[in-house]
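> Got a structure for you, questions after.
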Amino acid sequence: MTQPFEPSHCPYEDCESHRTRTFEYSCFGRYRRKCDGRHIPRFNCHSCLRTFSTQTFRVDYRLKKPRLTEPIFNGLISKVSLRKLAEALKVRRPTIERRLSLYGDHCRLYHAQKSLKQRQSGELCEGTWVFDELETFEHNRRFKPLSVAAVVHHDSFFIAGLAVGKMPARMAVNEARRKERDAIVEAEGRRPSESKRVVTEALSWLAPDASESYLRGVPGGHLRSDFKTGYRSIARTVLPNHALHQTSSKDKRGPSNPLFAINHGFAMMRDTISRLVRRSWCASKLQERLSQHLWIWACFRNYVRDWKRTERDITSAEWHHICPRQTIKRLLQWRIFEWRKTGVPEGS
Ligand SMILES: [Zn+2]
């Protein structure tokens, strides 16, 4: 029999009991959920006197079709375009887009919270980590490129950090292209290179505190990357106790390549995430959606999928003793409240 649900805090952000550990509430009856007829218990917060239910704490809070959670998540990690997924599930495309945003934001916080202990203690950054950037685009391949930075563990393939940023437009090869580029610059401004920012952000997932005293205590390890200018100084700033080994990205690809973990990770992303497939209509239209889609895939890769398809015993997260294997249902069950990702309420 399952344990009855006990709320640990008030779900309303403006309530003084939202972030406290001592929370007083009373039961307040129950209501019948329209979509499936289930009876959901209600509660009453003693601080703000508002009512809420178990549903308020769930990821599918206020969703009209919670039964579509798993089919939509599965579609998003199976190279299906948003339009085709909507057609297959007989819903409108904006429904799929809203779910993509919801699950993407949730998965980012989920990863932050689940891996928090290992990241804060420095346990996670031990061993060899490989980082690199993948190039893609939003709307226009030539003039609106994007960079995706990722940090992957060499042995477990655990994805520790991801970040997406803008890249400057490419050269215009003829007059027509020049006009096209100028129109984009006029409408949206000149695109900066955020390569340094995204690589720093992705690596910072391994060392969540940038203070000098914290970084001094972080255990040493190894980092691998290609020879791109700037990587050495970023690595020295973010993880000063790690030794950086740089190898040519032109070396023969395959398991013997020192950058295999990240090359394989990027290849899997291209094969799994519809918007990264080359020469297709699915390409990203918005940078934010790409980031959300990547976090969905990263959580599936880390917490649900087998570490290797040929070794179906553990997940990448289990390899690092983070948590037992999750199912898609469990991954998308409870909302992660933003303040909780730090592990302790603010000010306590
Ligand atoms: Zn309250």
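According to numbering that gives the first Met the number 0, the sequence shown is numbered sequentially starting from 0.
Even for Gly, the Cβ is constructed at its ideal location relative to N, Cα and C.
This one's a predicted model, so the numbers in the text were calculated from it and none came from an experiment.
1) Within 9 Å (strictly less), CB to CB, does Thr55 reach chain B?
2) Report the option in Ile158, Thr55, Lys116, Gly36 whose CA atom is closest to the CA atom of Phe42.
3) Let's see if you can read the secondary structure: which residues bound the alpha helix (DSSP H) around Gly103?
4) Compute the Euclidean distance between the alpha carbons of Pro344 and Thr19, then round it to the nearest angstrom.
5) Quick one: is the Cβ of Arg49 within less than 8 Å of any heavy atom of ligand 1?
6) Buried or exposed, going by whether 16 or more other CB atoms sit within 10 Å of the CB of Asp181?
7) I'd like to know whether the C-beta atoms of His319 and Glu122 end up nearer to each other than 9 Å.
8) Any heavy atom of ligand 1 within a distance shorter than 8 Å of the CB on Tyr378?
9) Should the stretch 294-311 be regarded as contacting the stretch 259-273, the criterion being three or more beta carbon pairs within less than 8 Å?
10) If we ignore side chains and look at the alpha-carbon of each, how far apart do Gly342 and Glu134 end up?
11) Can you determine whether any heavy atom of ligand 1 sits closer than 8 Å to the C-beta of Asn26, and answer yes or no?
12) Would you say Ser203 touches ligand 1, meaning its beta carbon is less than 8 Å from a heavy atom?
13) Ignoring anything shorter than 4 residues or poking outside the stretch 255-288, list the alpha helix (DSSP H) runs there in chain order.
14) Can you give the Cα-Cα distance for Tyr109 and Asp59, rounded to whole angstroms?
15) Could you spell out where the alpha helix (DSSP H) holding Ser248 opens and where it closes?
16) Alpha carbons only, please: which of Arg140, Asn73, Arg37, Gly74 is nearest the one belonging to Arg277?
17) For Leu222, count neighbouring C-beta atoms within 10 Å of its own C-beta (all shown protein chains included) and say buried if the count is 16 or more, exposed if not.
18) In whole angstroms, give me the CA-to-CA distance for Thr228 and Thr199.
Answer, in terms of the structure:
1) Absent from the structure is chain B; it holds one protein chain and no more.
2) The count along the sequence shown starts at 1 and reaches residue 42 at position 43. Nearest option by C-alpha distance: Thr55.
3) Against the sequence shown, residue 103 aligns to sequence position 104. Counting along the chain, the alpha helix (DSSP H) containing Gly103 begins and ends at 92-113.
4) Stepping through the sequence shown from its first residue, residue 344 is reached at position 345. Stepping through the sequence shown from its first residue, residue 19 is reached at position 20. For Pro344, the predicted structure reports a pLDDT of 45, less than 50, and the residue's modelled location is therefore unreliable. A value from the coordinates is still provided. About 7 Å.
5) Counting from 1 along the sequence shown, the entry for residue 49 is found at position 50. Because some heavy atom of ligand 1 lies under 8 Å away, the Cβ of Arg49 counts as near it: yes.
6) The sequence position of residue 181 within the sequence shown is 182, counting from 1. When all chains shown are included, Asp181 counts as exposed.
7) On the sequence shown, position 320 is the one that residue 319 refers to. On the sequence shown, position 123 is the one that residue 122 refers to. In contact: His319 and Glu122 (Cβ atoms closer than 9 Å).
8) There is simply no residue 378 to check, as the chain begins at 0 and stops at 347 in what is shown.
9) yes
10) Counted from its first residue, the sequence shown places residue 342 at position 343. Counted from its first residue, the sequence shown places residue 134 at position 135. Residue confidence for Gly342 is low, a pLDDT of 48 falling below 50, so the modelled location carries little weight; the figure read from the coordinates is stated next. Spanning the two alpha carbons is a distance of roughly 34 Å.
11) Taking the first residue of the sequence shown as 1, we reach residue 26 at position 27. In the sequence as displayed, the identity of residue 26 is Cys instead of Asn. False, no ligand heavy atom lies under 8 Å from that Cβ.
12) In the sequence shown, counting from the first residue as 1, residue 203 sits at position 204. Because no heavy atom of ligand 1 lies under 8 Å away, the Cβ of Ser203 does not count as near it: no.
13) 259-271
14) Numbered from 1 along the sequence shown, position 110 holds the residue referred to as residue 109. Numbered from 1 along the sequence shown, position 60 holds the residue referred to as residue 59. Their Cα atoms are separated by approximately 15 Å.
15) As a position in the sequence shown, residue 248 is number 249, starting the count at 1. Careful: Ser248 lies outside any alpha helix (DSSP H) and carries neither H nor E.
16) Here the question's residue 277 lines up with position 278 in the sequence shown. Per the Cα distances, Arg140.
17) Walking along the sequence shown from the start, residue 222 turns up at place 223. Buried, by the Cβ-count rule.
18) As a position in the sequence shown, residue 228 is number 229, starting the count at 1. As a position in the sequence shown, residue 199 is number 200, starting the count at 1. When rounded, the distance between both Cα atoms is 13 Å.
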